[in-house]
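Sequential numbering of the sequence shown, starting at 10, is according to the numbering used here. Reviewing the structure listed below.
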Amino acid sequence: MIRLFQKVGEVVIFFQIVLQVIFPLFLMIGAGACLHRLLRLHLATLSAITINFLLPAVCFVNIYQSNMSGRLIGQTLLFLMLFNMLLILISILFAKANRFDSRLSATFKNSFVLSNSGNYGLPVSELVFVANPAGTAIQVIVSIFQNLLTFTYGVYNSISAQSSGKDLIRKIMRLPVIYALIFAIILRWTDTNVPDFIWQPIENASKAFSAIALITLGAQVAYLKIIHISKPVVWAAIGRLVISPCIALLIIVLLGLSGTVAQALFIASSFPTSRNSALLALEHDNYPDIASQAVLLTTIFSSVTVAIVIYLSKIFF
10 MIRLFQKVGE
20 VVIFFQIVLQ
30 VIFPLFLMIG
40 AGACLHRLLR
50 LHLATLSAIT
60 INFLLPAVCF
70 VNIYQSNMSG
80 RLIGQTLLFL
90 MLFNMLLILI
100 SILFAKANRF
110 DSRLSATFKN
120 SFVLSNSGNY
130 GLPVSELVFV
140 ANPAGTAIQV
150 IVSIFQNLLT
160 FTYGVYNSIS
170 AQSSGKDLIR
180 KIMRLPVIYA
190 LIFAIILRWT
200 DTNVPDFIWQ
210 PIENASKAFS
220 AIALITLGAQ
230 VAYLKIIHIS
240 KPVVWAAIGR
250 LVISPCIALL
260 IIVLLGLSGT
270 VAQALFIASS
280 FPTSRNSALL
290 ALEHDNYPDI
300 ASQAVLLTTI
310 FSSVTVAIVI
320 YLSKIFF
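Next up, the structure:
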């Protein structure tokens, strides 16, 4: 009887994920596709606004509001550094083995490594760890780390495909999000309060990010016909949804993690490709169609794979 109730609970979680996470995401993506077909949105402008204004606001708010214990942060960061180093290494090997050109390699590596830990990961964690706030707190750390990874490694990938040396450093230093991250860390460490008249517009901009980013993604795929799924998309999907959780499980076992920490990190490793990878590809014209396909396909299939990982996390830990 107890096992029956557990099975029912797992099925309920699965449908909650589909209803409360997957469906809203695709509703906004669909809205973006419809708007682009009706109004012919200017994708370059949408991308520029998202990258240079809304994204810095999101990063600032996430980092400034974070409040975690030292031990929890230490365990999570150690895992994240090892985990992402291995993912980066594997993505580089895949790109070289398949002889992708520099621009395609940049998009592939970002699609392989960067995950949607914010708008996808946080709602999933809130559902799974509804009675255990520590699980959601860990996901917040993961989300912040992914922001940092996106705007360092992810941006480096995108820019280095077309630039090198001084040009690369100059372009990275021009990104507003770098300064938003640094400023947020300084204010957080010094326990400085941001005045309401400054905080409110920043918070409002961060809230607008999700809608604009998803609409932009929908506009990107409005005329996209997936007649043939290319090899880079297939490998990116396998990397994000299969290889990534396997690597996470290995590191969790090697580090001797258990309980909520192990469950939260294992689940966090299974999330689909970040839409930021598609935005970066569009911004720098690095095969944006490939990036959009990777985001869409991994998001679709994650409705099944994430549910499986959640189930396994309860068995293993």
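Beta carbons are placed, not taken as given, at the ideal position from N, Cα and C, and that holds for glycine. None of these values were measured; they are calculated from a predicted model.
Bridge partners - residue i, DSSP secondary structure assignment
{"i": "THR282", "result": "SER124"}
Extent of the continuous alpha helix (DSSP H) run through residue i
{"i": "PHE154", "result": "142-158"}
{"i": "ASN166", "result": "164-169"}
{"i": "ILE207", "result": "205-229"}
{"i": "SER267", "result": "Taken as a continuous stretch (DSSP letters only), SER267 belongs to no alpha helix (DSSP H), as it is neither H nor E."}
{"i": "SER311", "result": "297-325"}
{"i": "SER56", "result": "52-58"}
{"i": "PHE109", "result": "PHE109 -> no alpha helix (DSSP H), and no H or E assigned at all."}
{"i": "GLY130", "result": "130-137"}
{"i": "GLY39", "result": "32-48"}
Buried versus exposed call for residue i [16 or more other C-beta atoms within 10 Å across all chains shown]
{"i": "CYS255", "result": "exposed"}
{"i": "TYR232", "result": "exposed"}
{"i": "HIS293", "result": "buried"}
{"i": "SER267", "result": "exposed"}
{"i": "VAL304", "result": "buried"}
{"i": "TYR296", "result": "buried"}
{"i": "PRO132", "result": "buried"}
{"i": "PHE24", "result": "exposed"}
{"i": "ARG249", "result": "buried"}
Residue i vs residue j beta-carbon contact at 8 Å
{"i": "VAL242", "j": "LEU306", "result": "yes"}
{"i": "SER327", "j": "GLY127", "result": "In the structure as shown, the chain starts at 10 and stops at 326, and residue 327 therefore has no counterpart that could be examined."}
{"i": "GLY227", "j": "GLY41", "result": "yes"}
{"i": "ALA277", "j": "PHE117", "result": "no"}
{"i": "SER253", "j": "ILE299", "result": "no"}
{"i": "SER219", "j": "VAL70", "result": "no"}
{"i": "THR85", "j": "ILE147", "result": "yes"}
{"i": "CYS68", "j": "ASN125", "result": "no"}
{"i": "LEU288", "j": "SER56", "result": "yes"}
{"i": "GLN229", "j": "LEU52", "result": "yes"}
{"i": "PRO185", "j": "ASN107", "result": "no"}
{"i": "LEU136", "j": "THR159", "result": "no"}
Cβ-heavy atom distance, residue i to the ligand FAD, below 7 Å
{"i": "SER279", "result": "Inclusion of the ligand FAD in the displayed structure is not the case, the ligand content being empty and no account of it being possible."}
Could you say if the region 280-298 and the region 157-168 meet the contact criterion of at least three C-beta pairs nearer than 8 Å? yes
Contact between the region 308-316 and the region 190-204 (3+ Cβ pairs under 8 Å): no
Touching by the beta-carbon criterion (3+ pairs, under 8 Å), the region 215-229 and the region 32-39: yes
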